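Student: Numbering (the numbering used here), first residue to last: 8 to 195.
Cβ atoms here follow ideal geometry from the backbone N, Cα and C, with glycine treated the same way.
Keep in mind that this is a model prediction, so the values were computed, not measured.
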């Protein structure tokens, strides 16, 4: 269970465990309604590698996608000091932060970023493929720690004027999305 203030809790056999799985309240800014710890996603090989990813806004309002590791000593506790920030995006306003992380059926990490906020996208971010705002990103996170790669089938892979991380753009605030289990189609 993800708590916006920066905690991830475990419910086991219908009971909330006393100790949180992850506590990053010291680095999460959640004073605004659409900020905070917004999502986590466990690596498809989590049982083997203990890696998971978090999407949160920091105290200055920037968004981070970070990787973490589970503790070597306790499967019900993450190592908060293992954080490696993969990507930081400045958020010009406190709303429209997007917020979901999810691994797709292709094994890549998808991240929804809102258009940066305010009203009516005053910076035009949702229509700017040179910005990561207003976009759904697709990242290959199976590389050296702190490094991600661009999947070779991302649409702007060969365009130096557009962000190669972008899978889809022109979005207002993709805070939830899902993959159809039968077809693999993406719904935002």
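How about residue 116 and residue 146: do their beta carbons lie closer than 9 Å?
Tutor: Yes, the pair counts as a contact, with Cβ atoms nearer than the cut-off.
Student: Output the distance between the C-alpha atoms of residue 31 and residue 157, rounded to the nearest integer angstrom.
Tutor: One C-alpha to the other measures close to 28 Å.
Student: By DSSP, does residue 109 sit in helix, in strand, or in coil?
Tutor: In the structure shown, residue 109 sits in a strand (DSSP, three-state: E or B).
Student: Tell me the DSSP bridge mates of residue 176?
Tutor: DSSP output for residue 176 lists 142 as bridge partner(s).
Student: Quick test of your reading: residue 64 and residue 35, contact by CB under 8 Å. State the CB separation rounded to the nearest angstrom.
Tutor: Residue 64 to residue 35, Cβ: 7 Å. Contact.
Student: Hey, how far is the Cα of residue 109 from the Cα of residue 185?
Tutor: Whole-angstrom Cα-Cα distance: 8 Å.
Student: Rounded to a whole number of angstroms, what is the C-alpha to C-alpha distance between residue 28 and residue 21?
Tutor: Those two C-alpha atoms are separated by around 16 Å.
Student: Restricting to Cα atoms, I'd like to know which of 42, 38, 74, 163 is closest to residue 92.
Tutor: Taking only the C-alpha atoms, the option nearest residue 92 is 74.
Student: With a Cβ-Cβ cutoff of 9 Å, do residue 142 and residue 165 count as a contact?
Tutor: Going by C-beta atoms, residue 142 is not nearer than 9 Å to residue 165.
Student: Give the range of the beta strand (DSSP E) segment to which residue 63 is assigned.
Tutor: 58-64 is the extent of the beta strand (DSSP E) around residue 63.
Student: Per DSSP, what are the beta-bridge partners of residue 71 in this structure?
Tutor: BP columns for residue 71 point to 63, 95.
Student: What is the C-beta distance between residue 96 and residue 47, in whole angstroms, given that I count them as a contact (C-beta under 8 Å)?
Tutor: That belief does not hold up - the Cβ atoms of residue 96 and residue 47 are roughly 17 Å apart, past 8 Å.
Student: For residue 54, tell me which candidate among 77, 72, 62 has the shortest Cα-Cα distance.
Tutor: Considering only alpha carbons, the answer is 77.
Student: From residue 133 to residue 67, what distance separates their C-alpha atoms?
Tutor: Going by the C-alpha atoms only, they are around 22 Å apart.
Student: Given this structure, state the Cα-to-Cα distance separating residue 49 from residue 127, to the nearest angstrom.
Tutor: C-alpha separation (whole angstroms): 34 Å.
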